[in-house]
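In the UniProt record's numbering, the protein residues as written are 1 to 127.
Structure representation (structure tokens):
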């Protein structure tokens, strides 16, 4: 946490300022809550892993483009040539925090929105 504070609020040292009485506990709390949880900060790497939303989006786009290219190649390949297979690019493992959040989301069950969509769909299908 201290490393993230010093990185985000450099050249200040918020923890030292708090211990010396220059800032209040409330201000320190606000500063801690203001730390972005991106891979650029140490606390962000612990919580979200080495990839942020942008890297995961780039991975999804690159994988989809590669799948489309391979599919196009396989459809239009010359007779007798081998089909190209698709292998997914590796992604980093989930952190402990991401695993806990995923389990909590799964145990919570479907959201109210999902339940509404499912009931609407069933009503349309049963007409």
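Don't be surprised by glycine CBs; every beta carbon is placed ideally from N, CA and C.
What you are looking at is a predicted structure, and each value in this text was computed from that prediction instead of being measured.
- Between the C-alpha atoms of residue 40 and residue 85 there is a straight-line separation of about 35 Å.
- For the set 42, 61, 14, 104, the Cα lying nearest the Cα of residue 30 is the one of 14.
- Counting the other CB atoms within 10 Å of its CB gives residue 43 a total of 16 or more, which places it among the buried residues.
- The stretch 54-120 contains, as complete alpha helix (DSSP H) runs of 4+ residues, the segments 96-108 (chain order).
- In the three-state reduction of the DSSP assignment, residue 126 falls in the coil class, being assigned neither a helical nor a strand state.
- Spatial neighbours of residue 18 in its own chain (CB-CB distance under 6 Å, excluding positions within 5 residues in sequence) are listed in chain order as 28.
- Taking the Cα positions, residue 96 is about 9 Å away from residue 48.
- Annotation for residue 6: the continuous alpha helix (DSSP H) segment containing it runs 2-8.
- The alpha carbon of residue 3 has as its nearest neighbour, out of 22, 66, 32, the alpha carbon of 32.
- Secondary structure at residue 42: helix, using DSSP grouped into helix, strand and coil.
- If you check the CB distance, residue 59 and residue 8 do not come in under 8 Å.
- Assignment of residue 16 by DSSP, reduced to helix, strand and coil, places it in the helix class.
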